[in-house]
Each structure stands twice: as C-alpha cells, then as structure tokens.
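A short worksheet on the structure shown next.
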Amino acid sequence: MNNLNGYTCSCCGEYHDELPTSYGTEAPVYYELASPEEREQRFELSEDLCVMDNEHFFIRGCLEIPIIGTDEQFIWGAWVSLSEANYRKVHDHGDEPEQLEAMLGWFSTVLPDYPDTLNLKAKVHHRLGGMRPYIELEPTEHPLAVESREGMTVERVQEIAEAYCERLKEQLWPFENPEHAAVLTLEKIMRRESPVLYVTHDEEDGMWQFLDGEEVIEEEARLLSLKQMVDLDPSLMQLSDLPPGWIAWRDNSDDEWRRAPR
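Taking this note's numbering, the leading residue of the sequence shown gets 34, the next gets one more, and so forth.
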C-alpha cells in the first residue's frame, strides 16, 4: 500500500511535506455557537466530555475513514450526544472502557465540506489503551456516512486540506474586501520611496486609496491588490475596519492612524 506524500496547496501555493489526515473540534457545536458568557454559565467542558444546561450530554470521539490505496486513516475528531444514563456510565467507568457497551447518540459537530452533519445518528464504541471512542454512523446515503463505509481518496484528503487553508486565510484576513480586490496607490509608494500617510475608503464603490497625501497625480497612480498593499505596509491592517466614506491619516509612518468621516 502507498503512503501519503507531500503536496503543493492550491490555496497558499506552498509545498507541504505531509498531507494532513486529522482535524478536530474542542467542543460540541452548541458550545462553539454560544457567547463567552453563555459558555461560562451553561457548559461544563473537559477534553473529552461536555454538559450543557445540566441536561444535554456529549462525548468526544473519532470518526475514522480509510484512505483508499494507502495504509492510513483520515480522522474527524467529533462529538456525539449521549443520554444522561450513558453519560453517567462513562463518567463512572471511564477508566474501565471494557465495562462500557456501545452507546447510541447524535452527531453534534458540524463538519465543513459536507451537507449538514448535525444530528446524524451515531454509535459510540469505547476502546482500551486510553484511546478515544470511535464513532460509527448509521449507514445512510449521507456523504459522510458513505465515506465512513467506503473510504475516501487521497485527492479528497487534499481537497479538504486546501479548503481548510482557505477558511484559515479568511479568518486571518481582517478586511471585508477580498485579498485580490484592486486598490489605488502611487508608484513611489510601491517603490517604498514614500510611506502611506493618507487612506480613503470610498462610500459608493468601496474602493480603497493608499496615498502619501490628499492630492493624487494621475500619472503616478497605480493599481495593486489589497493583499499586495498590506504586504508593503503591514500597519494598514489596523485600518481593516475603516467604514466606507471615511478617511485615515498620519503625519509620518511612526504615528498612530487618525480617522474621520470624509
């Protein structure tokens, strides 16, 4: 059987020595959707167990999918709901998994790149050796259930990795405009001969201008992508929340940005 090789990511363009084969969540989806105040008041969360409102109970496990043509498995770390009675059994006999039978529950993690995975019927199987339980899905035609039975290709594993990279970029990119959005700047700023001192965010078309003063000499105007502009001057990230119709300015590149409606 073949091992997984490195790959060049279509999202970031970088070569990675290993193809990721596991992803997980630290809590059930209900915890992730709650506010910080709700999390503190409504939830009890450990690495492997969770209680919500003293009446909903969850356990963390692994959904293991064979990777076709390799000796590897792809693992989704996920959470499954349990009845209170079964939760108490896990709580009381967690160090003795041989005492625990398989338990029915409902999938409580929303996985990306699939139709809705919440509340898929599942069975939790406890394991020896300190391993987390493995999750068995009801054999339906849901794509996740099909993959859990039939396996996934290496190409599918890479597709998931690239989609994860894209989501990570979106989380790290603070501007509402995409990275490739065109912005206006000056040739001397592009050559790093002059700093960005004056920024406008147009109210009508959302266009950004990154200048060294209020005046624009048309012959010097150039278009760049927003990402290229931020790479030239990372301090511009501070202006990611500048509303359309506003301006920002500073006297020199070491000053704090000031803002005002245009």
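The C-beta atom is built at its ideal place from N, Cα and C for all residues, glycine as well.
Computed from a predicted structure; not experimentally measured.
- Counted as a single uninterrupted DSSP element, the alpha helix (DSSP H) harbouring Met223 occupies residues 220-223.
- One alpha carbon belongs to Val123, the other to Leu82, and they sit about 9 angstroms apart.
- In this model, Val229 and Glu169 are separated by some 56 angstroms (Cα to Cα).
- One thing to note: Pro61 has its Cβ no nearer than 9 angstroms to the Cβ of Phe107.
- Setting aside the 5 residues that flank it on each side, Tyr64 is surrounded in the same chain by Arg72, Phe76, Leu78, Cys83, Met85, each with a C-beta closer than 8 angstroms to its C-beta; the list follows chain order.
- For His158, the enclosing beta strand (DSSP E) starts and ends at 154-158.
- Remark: C-beta atoms of Glu212 and Ser268 do not approach each other more closely than 9 angstroms.
- Looking only at Ser43, Asn38, Leu37, the smallest Cα-Cα distance to Glu195 is reached by Ser43.
- Per the C-alpha coordinates, the member of Thr173, Ala281, Met185, Leu217 positioned closest to Glu251 is Leu217.
- At a Cβ-Cβ threshold of 9 angstroms, Ile101 and Val187 count as neighbours.
- With fewer than 16 neighbouring CB atoms inside 10 Å of its own CB, Pro294 falls in the exposed class.
- Going by DSSP, Pro69 is part of no beta strand (DSSP E) but of the alpha helix (DSSP H) stretching over 69-75.
- For Val229, there is no enclosing alpha helix (DSSP H), as DSSP marks it with neither H nor E.
- Beta-bridge pairing by DSSP links Phe91 to Cys83, Ser114.
- Going by C-alpha positions, Glu129 is about 8 angstroms away from Leu161.
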